[in-house]
Amino acid sequence: MTATTYTAPPPRTARGIRPLAWTGSVIATVVLAAALVWLVAPQAGPYDAGGTLLATWFGDVTAAFVAAGIQATAAAIALATGILLLSGRARDGLVAPVVVLIAVGVTAIVLLGFDGIVIAGYTLAFFVPIGVVALVPLLARRRPVLAVLLAAAIAGVAALGALGVFPVLSFYARYVEAVAADPARFASSLVLTAFVGVWTLWALSLITRRAARAGAFVQRHRVAFTVAGAAMAVPYVVARASWLTPWPLFGGSRDAFTANPDIQVVGLMLGAAMLTGAVLTLGLVLPWGERVPRWVPRVGGRPVPVALAAVPAATVAALFTAGGVQSLSLALTGAVPVGTALMLPFWAWGPLLGLATWGYVRHRAAASV
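Shown next as structure tokens:
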């Protein structure tokens, strides 16, 4: 009788390499095409008006050209890597993932920076109330009491909006106006965020496969990393929540709120977006991060696809890290108050979220085995 050896299935990070490469290649194609257009016609792109770190080193025209060049180079590197991988001609090793990681890292810091966080935050704030409204019919069947309470809260906010006390619709109008005024900036920021996130996850999936000991450590302490990451939202959420009291913090003023209620609406909705980010971070260690809650029709009780949690989490981790590096450097050089970097500690939230995502993926891979 011959002995047989058991080979454990590869971790999900390894099995998910090709889908990430497909997705990343499609996004890289779009990013490269846009960059080539902006190299020829900088005024058509989002970099013509400055807004990047390059604008502090060059004039607006030169900065726009250099920014488009950086975008084109990073996209070309990622696309070439994806083509080689999908055609089966890619070699094993760390050279390709390290080069891609450097390319997307430069893209994130130089082209996205803190502005990417701002746009992502406003976009999330735009969709959070819509998501809350959508929860009502989902909860109605199995959580009727909670559905009624949520519907009552929504009706109360709508009534305050109709009275002009809390004009929520004005936030949506201002957001739509901002997007219409500069669609290239918003669209490019969101697409670049996806580009950076997908290729960062791809590169780190390969790099971390060789760091088994470090991965085991992260997996053991993933709850601590996740909770610590979610806690980074507390200062900002508390400051924005204080806008509902007579003692508003972080730029709030009762006189300003009375004269212009829109200011309070924007602050509170951004606070709600930050709170949503903290809750989603905690989802990496909570049961509903692994199985869809049973009150969700049709898919309740099914396992949450690992990519559905890992890709957005890695994307946000990369965005937060890049924006946090920029905000922290500005605070250390005195360009912005140090308190701003402490109130918005993305420089810590990003790396912690990255570690939490790594631990989540390893935990789900171990559970599947």
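Note that the numbering used here has the sequence shown beginning at 7, numbered continuously upward. For each residue, glycine too, the CB sits at the ideal point set by N, CA and C.
Query, Result
"Excluding the five sequence neighbours on either side, which residues of its own chain have a C-beta within less than 8 Å of the C-beta of A126, listed in chain order?", "S195, L196, T199, V322, L325"
"If you drop the 5 nearest sequence neighbours on each side, which residues of the same chain put their C-beta closer than 7 Å to that of V310?", "G295, E296, R297, V298"
"Do A69 and A41 count as a contact pair if the criterion is CB distance below 8 Å?", "no"
"Might you give, ordered along the chain, the residues of its own chain that have their beta carbon closer than 8 Å to the beta carbon of H369, omitting 5 neighbours on each side?", "Q225, R228"
"Examine the Cβ distances between the stretch 94-103 and the stretch 121-138 and report whether three or more of them are shorter than 8 Å.", "no"
"Ignore the nearest five residues each way along the sequence and tell me which others in G2's own chain have a CB closer than 7 Å to its CB.", "For the chain, the structure presents residues 7 to 375; residue 2 sits outside this window and is missing."
"Would you kindly work out how many angstroms separate the C-alpha atoms of A278 and L92, rounded to a whole number?", "41 Å"
"From N266 to V233, what distance separates their C-alpha atoms?", "36 Å"
"Tell me the rounded alpha-carbon separation between V110 and A80.", "6 Å"
"Using 10 angstroms around the beta-carbon of W44, count the other beta-carbons present and answer buried if the total reaches 16, otherwise exposed.", "buried"
"Alpha carbon to alpha carbon, what distance is there between G162 and A236?", "29 Å"
"Evaluate the contact criterion for the stretch 324-340 versus the stretch 352-359: three or more CB pairs, one atom per stretch, below 8 Å.", "yes"
"Buried or exposed: P189, going by 16 or more other Cβ atoms within 10 Å of its Cβ?", "exposed"
"Please list the segments of the alpha helix (DSSP H) lying wholly inside the stretch 243-279, counting only runs of 4 or more residues, in order along the chain.", "260-265"
"Less than 6 Å between C-beta atoms, sequence neighbours within five positions excluded: which residues of the same chain meet that for T19?", "Its pLDDT being 38, under 50, T19 is placed unreliably in this model, and the coordinates cannot settle the point."
"Among the residues of its own chain, which have a CB less than 7 Å from the CB of Q77, if the five just before and after it don't count?", "V37, A41, T113, L117"
"Just the Cα atoms here: how many angstroms apart are F132 and Y181?", "8 Å"
"Whole angstroms is fine: what's the gap from A14's alpha carbon to G221's?", "Its pLDDT being 39, under 50, A14 is placed unreliably by the model, and the measurement read from it follows with that caveat. A14 and G221: Cα-Cα distance of roughly 17 Å."
"Nearest-angstrom Cα distance between G30 and A82?", "11 Å"
"Which full runs of the alpha helix (DSSP H) of 4+ residues lie inside the stretch 295-340, going along the chain?", "312-338"
"List the endpoints of the continuous alpha helix (DSSP H) containing A222.", "218-226"
"Taking only runs of the beta strand (DSSP E) that begin and end inside the stretch 64-102, which ones reach a length of at least 3 residues, in chain order?", "none"
"When the Cβ atoms of the stretch 242-255 are set against those of the stretch 267-276, are three or more pairs found closer than 8 Å?", "yes"
"Looking at L175 and G167, is the spacing between their C-beta atoms short of 8 Å?", "yes"
"If we call anything under 8 Å between Cβ atoms a contact, is V344 one with A337?", "yes"
"Taking the C-alpha atoms as reference points, what is the distance between R24 and I213?", "15 Å"
"How many Å lie between P351 and A186 at the Cα?", "30 Å"
"If you compare alpha carbons, which of L169, G51, V312 is closest to S374?", "V312"
"Have a look at P16 and P173 and give me their C-alpha separation to the nearest angstrom.", "Reliability of the predicted coordinates at P16 is poor, the pLDDT of 40 falling under 50, and the value obtained from them is presented with this limitation in mind. Straight-line Cα distance between these residues: approximately 52 Å."
"Check the C-beta distance from L26 over to V154 and give it rounded, since I have them as a contact under 8 Å.", "At roughly 42 Å, the Cβ-Cβ gap does not stay under 8 Å, so L26 and V154 are not in contact."
"I'd like the ranges of any beta strand (DSSP E) spanning at least 3 consecutive residues and lying wholly in the stretch 165-197.", "none"
"Pick helix, strand or coil for Y53, following the three-state DSSP scheme.", "coil"
"Note down the Cα distance separating T11 from V291, rounded to an integer number of angstroms.", "Residue placement at T11 cannot be trusted, given a pLDDT of 40 that sits under 50; the coordinates are not used to answer."
"Is F256 near M349, with beta carbons less than 8 Å apart?", "yes"
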